[in-house]
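2 protein chains.
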Amino acid sequence: MTERELPPLNALRAFEAVARRQSVSAAAAELHVTHGAISRQLRLLEEALGRPLFTRQGRGLQLSAAGTQLHEGTSAAFGQLRDSWAGLRRGSSAPFVLGCSGSLLARWVIPRLDRLARDLPELQLHLSAQEDPLTPALGELDGALLLAAPPWPANWQVTELAPERIGPVLSPRYAGWARLAGQPARALLDEAVLHTASRPQAWRDWASAAGLPGPPAASGQGFPHLYYLLEAALAGLGVAIAPAPLVADDLAAGRLLAPWGFQPTPARWILATPQRGRDPRASALAAWLQRELAADEKSAPLTDSA
Amino acid sequence: MTERELPPLNALRAFEAVARRQSVSAAAAELHVTHGAISRQLRLLEEALGRPLFTRQGRGLQLSAAGTQLHEGTSAAFGQLRDSWAGLRRGSSAPFVLGCSGSLLARWVIPRLDRLARDLPELQLHLSAQEDPLTPALGELDGALLLAAPPWPANWQVTELAPERIGPVLSPRYAGWARLAGQPARALLDEAVLHTASRPQAWRDWASAAGLPGPPAASGQGFPHLYYLLEAALAGLGVAIAPAPLVADDLAAGRLLAPWGFQPTPARWILATPQRGRDPRASALAAWLQRELAADEKSAPLTDSA
DNA sequence: AGCCATACGTCAGGAAAACGCAAACATGAC
DNA sequence: GTCATGTTTGCGTTTTCCTGACGTATGGCT
Chain A
1 MTERELPPLN ALRAFEAVAR RQSVSAAAAE LHVTHGAISR QLRLLEEALG RPLFTRQGRG
61 LQLSAAGTQL HEGTSAAFGQ LRDSWAGLRR GSSAPFVLGC SGSLLARWVI PRLDRLARDL
121 PELQLHLSAQ EDPLTPALGE LDGALLLAAP PWPANWQVTE LAPERIGPVL SPRYAGWARL
181 AGQPARALLD EAVLHTASRP QAWRDWASAA GLPGPPAASG QGFPHLYYLL EAALAGLGVA
241 IAPAPLVADD LAAGRLLAPW GFQPTPARWI LATPQRGRDP RASALAAWLQ RELAADEKSA
301 PLTDSA
Chain B
307 MTERELPPLN ALRAFEAVAR RQSVSAAAAE LHVTHGAISR QLRLLEEALG RPLFTRQGRG
367 LQLSAAGTQL HEGTSAAFGQ LRDSWAGLRR GSSAPFVLGC SGSLLARWVI PRLDRLARDL
427 PELQLHLSAQ EDPLTPALGE LDGALLLAAP PWPANWQVTE LAPERIGPVL SPRYAGWARL
487 AGQPARALLD EAVLHTASRP QAWRDWASAA GLPGPPAASG QGFPHLYYLL EAALAGLGVA
547 IAPAPLVADD LAAGRLLAPW GFQPTPARWI LATPQRGRDP RASALAAWLQ RELAADEKSA
607 PLTDSA
């Protein structure tokens, strides 16, 4: 039997707060006790360990080597305890807060909300639009729907939903379509394609996956977000590049074309949840998202042989 | 500021023990207190949460849904706290315990120990041979050297050292060498190659990476471990398959040949450490292993174009 | 059915831990 | 030197936690 002992937990919590805030007083305020109490706990922990965790220099303190190591090892654990407890206290009766980038929200999630409400009627969902730099802290979130490539942060619990596939799309009303129709994918290399600031590598990724020598040389108009990019493509302004599910509806309706198919990228559609015990609502949502994405991928044209 | 609260920690520790052991009395024994104390803590925690964590049925208890979720969310965190504390208490003065499979130990680590001692003289290293099913619990270990493909367990902190490359090797004394010399790799498909029980997929992986239609059809002699497999190859008994670094010395000395080069696999050479604060000894060891592996890979012939 | 062994719950009193308060101490700024 | 800031220390008090003994519920055994 593993007879491993835990350190004095309250002292450890005090240490974690002090190490994080770099101050006894600040930690004391956070824990609603006096600084004297904290100081005492620190001493206790250092005695239990047998060597100092901080180097004192009169009025300030700084983590020692041992202290740094302990802080690195414990802060994540405490975070997980906090998350887990908070998630449980909030309870499954509270709405499930799902974070997701604005573009995904507008172009994919919202059009499918009615289906979601029908398939998972008991799920109370609150949506929260995150900034596009897709590294949310997921602090207040119960989950986040993301497009991201591994490796993912260790403090996420990740459910892979589907591989990402991206491809060039354009409106049949686009003036250049007459010129491009019937051409192979490499014809795009000479096209002034549309691109987005939130994902500058998209064309390069697509080109390398498609086996083309490089991304389109001339860069056409740029847009701040994928959402605007797709609106521009729908308006016939040029050739955009987008993940298949985001344009599945437009392809089905004929508003957009994807003559060169879609190419897989290293990224994945994922549902990231905090590392608490598996929330049954998250599991249900993940399963639904997976089904929904699979359907969209199926409806999108398969990868075109370049 | 995130004003998130932690649950009563001592009560949570009691809960974790009870949930793990499925018994109040067993948990009480583990924590060196009476069952009454545990029972009280459980009640306290349930009151703080506002709903029961266990379903009582007279003389036994079982986790409720909420209890299961809390246990999933907290057990890992407590494990990390235990690990972190234990690692720090043991101290950097204690020897670094490195686990690794017997084959790796015998054929790669041990021959390089003298160089390791010269390059990292202050590192006290204890070696521990693990069973070949490469999923050690790394409970008592400070680290483990492994060949494994992602995804890795979430409770490991993984440092990738090098991609794995495997390839067919044989002794120049092997009777079939005359027949094979100069032939392309696909000639091996008709060869009765040697294989190992600890890695039955090796030939298949190699064949698919090399773009061959399938693994060698006829299976020659099998061996329980890679170590014996390589001894057999050295003895001229046939064609074995092995990771490049494990045969680097033999290739350099001419005891083995690798006429068809080595192919990358999804696996990696990794140093897995428990999720405590980064141990400086582990960092130093990882850096050294990385250098050493890079040198071995360089000395091995590059991937042969099949 | 009656009895015993097992396992959890509860309560009172006492031990131990943690706390608040206030004074002491250390350092850097002025 | 004096003040402002921030940590440590000593002591009396409050809070928490534990022990130990007893009560209750269940299942196996005769």
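Those sequence lines, one after another, are chains A and B.
Letter by letter, the first sequence follows residues 1 to 306 in our numbering.
Letter by letter, the second sequence follows residues 307 to 612 in our numbering.
Where a beta carbon is used, it is the ideal one built from N, C-alpha and C, also for glycine.
**Report entry** Closest by C-alpha distance to residue 569 (chain B), when choosing among B:345, B:508 and B:396
**Finding:** Within the second sequence, the letter at position 263 stands for residue 569 (chain B). Comparing Cα positions, the closest option is B:508.
Query raised in the report: Is the Cβ-Cβ distance between residue 169 (chain A) and residue 248 (chain A) less than 8 Å?
Result: Looking up residue 169 (chain A) in the first sequence gives position 169. Looking up residue 248 (chain A) in the first sequence gives position 248. Not in contact: residue 169 (chain A) and residue 248 (chain A) (Cβ atoms no closer than 8 Å).
Query raised in the report: Hey, residue 149 (chain A) and residue 267 (chain A): beta-carbon distance below 8 Å or not?
Result: Here residue 149 (chain A) refers to the residue found at position 149 when the first sequence is read from its first residue. Here residue 267 (chain A) refers to the residue found at position 267 when the first sequence is read from its first residue. Yes; because the gap between Cβ atoms is below 8 Å, this pair is in contact.
Query raised in the report: Just the Cα atoms here: how many angstroms apart are residue 480 (chain B) and residue 265 (chain A)?
Result: Locating residue 480 (chain B) in the second sequence gives position 174, counting from the first residue. Locating residue 265 (chain A) in the first sequence gives position 265, counting from the first residue. Cα to Cα, the separation comes out at about 44 Å.
Requested in this report: Measure the C-alpha to C-alpha separation of residue 522 (chain B) and residue 506 (chain B) and round it to an integer number of angstroms.
Outcome: Position 216 of the second sequence, counting from 1, holds the residue named residue 522 (chain B). Position 200 of the second sequence, counting from 1, holds the residue named residue 506 (chain B). Their backbone Cα atoms lie some 12 Å apart in a straight line.
Query - Chain-ordered neighbours of residue 159 (chain A) on chain B, where CB pairs are closer than 7 Å - result: The sequence position of residue 159 (chain A) within the first sequence is 159, counting from 1. Neighbours of residue 159 (chain A) in chain B, taken as residues whose beta carbon is under 7 Å from its own, are absent, since the nearest beta carbon is some 12 Å off.
Query raised in the report: Thinking C-alpha only, which one of B:504, B:467 and B:337 is nearest residue 533 (chain B)?
Result: The sequence position of residue 533 (chain B) within the second sequence is 227, counting from 1. For residue 533 (chain B), the nearest C-alpha among the options comes from B:504.
Report task. Give me the Cβ distance between residue 561 (chain B) and residue 477 (chain B), rounded to the nearest whole Å; I'm assuming they're in contact under 8 Å. Result -> Working through the second sequence from its first residue, we reach residue 561 (chain B) at position 255. Working through the second sequence from its first residue, we reach residue 477 (chain B) at position 171. Their Cβ separation, rounded to whole angstroms, is 7 Å, which keeps residue 561 (chain B) and residue 477 (chain B) in contact under 8 Å.
Query raised in the report: Within 8 Å (strictly less), CB to CB, does residue 41 (chain A) reach chain B?
Result: If you number the first sequence from 1, residue 41 (chain A) lands on position 41. Judged by the 8 Å Cβ criterion, residue 41 (chain A) is not in contact with chain B.
Query raised in the report: Taking 8 Å as the CB-CB cut-off, is residue 387 (chain B) touching chain A?
Result: Residue numbering aside, residue 387 (chain B) sits at position 81 when the second sequence is read from its first letter. At a cut-off of 8 Å between beta carbons, residue 387 (chain B) contacts chain A.
Query raised in the report: Does the Cβ-Cβ distance between residue 64 (chain A) and residue 52 (chain A) come in under 8 Å?
Result: Position 64 of the first sequence, counted from the start, is the residue given in the question as residue 64 (chain A). Position 52 of the first sequence, counted from the start, is the residue given in the question as residue 52 (chain A). In this structure, residue 64 (chain A) places its C-beta atom within 8 Å of the C-beta atom of residue 52 (chain A).
Query raised in the report: By how many angstroms is the C-alpha of residue 274 (chain A) removed from the C-alpha of residue 106 (chain A)?
Result: Locating residue 106 (chain A) in the first sequence gives position 106, where the first residue counts as 1. Locating residue 274 (chain A) in the first sequence gives position 274, where the first residue counts as 1. When rounded, the separation of the alpha-carbon atoms in residue 106 (chain A) and residue 274 (chain A) is 24 Å.
Query raised in the report: Of all the residues that make up the segment 515 to 548 of chain B, which are near chain A by a beta-carbon distance shorter than 9 Å?
Result: Those would be none; no residue qualifies.
Query raised in the report: Looking at chain A, which residues of the segment 586 to 597 of chain B have a Cβ within less than 7 Å of any of its Cβ atoms?
Result: Under the 7 Å Cβ criterion, the segment 586 to 597 of chain B contributes no residue.
Query - CB contact below 8 Å: residue 341 (chain B) versus chain A - result: As a position in the second sequence, residue 341 (chain B) is number 35, starting the count at 1. Against chain A, the CB of residue 341 (chain B) has no partner CB under 8 Å away; the residue lies outside that interface.
Query raised in the report: Given a limit of 8 Å on CB to CB distance, which residues of the segment 69 to 80 of chain A reach chain B?
Result: Here the close residues are 69, 70, 71, 72, 73, 74, 76, 77, 78 and 80.
Query raised in the report: I think residue 414 (chain B) touches residue 530 (chain B), with their Cβ atoms under 8 Å apart; what is that distance to the nearest whole Å?
Result: As a position in the second sequence, residue 414 (chain B) is number 108, starting the count at 1. As a position in the second sequence, residue 530 (chain B) is number 224, starting the count at 1. Between residue 530 (chain B) and residue 414 (chain B) the Cβ distance is about 18 Å, and since that is not below 8 Å, they are no contact.
Requested in this report: Could you spell out where the alpha helix (DSSP H) holding residue 203 (chain A) opens and where it closes?
Outcome: Reading the first sequence from its first residue, position 203 is the one you call residue 203 (chain A). Run containing residue 203 (chain A): 202 to 209, per the alpha helix (DSSP H) assignment.
Query raised in the report: residue 436 (chain B) lies in the beta strand (DSSP E); which residues open and close that run?
Result: Here the question's residue 436 (chain B) lines up with position 130 in the second sequence. For residue 436 (chain B), the enclosing beta strand (DSSP E) stretches over residues 431 to 436.
Query raised in the report: Which residues, taken in chain order from the segment 358 to 375 of chain B, show a beta carbon closer than 7 Å to some beta carbon of chain A?
Result: Only those residues of the segment 358 to 375 of chain B whose C-beta falls short of 7 Å from the nearest C-beta of chain A are listed: 372, 374 and 375.
Query raised in the report: Taking DSSP as the reference, what is the three-state secondary structure of residue 478 (chain B)?
Result: Position 172 of the second sequence holds residue 478 (chain B). The answer is coil: DSSP assigns residue 478 (chain B) none of H, G, I, E or B.
Report task. Specify whether the segment 64 to 81 of chain A and the segment 10 to 22 of chain A touch according to this definition: at least 3 beta carbon pairs, one from each stretch, less than 8 Å apart. Result -> Two segments are said to touch when three or more pairs of C-beta atoms, one from each, lie closer than 8 Å; by this definition the segment 64 to 81 of chain A touches the segment 10 to 22 of chain A.
**Report entry** For residue 195 (chain A), the first and last residue of its enclosing alpha helix (DSSP H)
**Finding:** Locating residue 195 (chain A) in the first sequence gives position 195, counting from the first residue. Note, residue 195 (chain A): premise wrong, no alpha helix (DSSP H); beta strand (DSSP E) at 193 to 196.
Query raised in the report: When DSSP labels each residue in this structure, what does residue 327 (chain B) get in the three-state scheme?
Result: Here residue 327 (chain B) refers to the residue found at position 21 of the second sequence. Three-state result, residue 327 (chain B): helix.
Query raised in the report: In chain B, which residues lie less than 8 Å from residue 7 (chain A) when you measure between Cβ atoms?
Result: Here the question's residue 7 (chain A) lines up with position 7 in the first sequence. Near residue 7 (chain A) (Cβ distances below 8 Å), the residues of chain B are 387 and 391.
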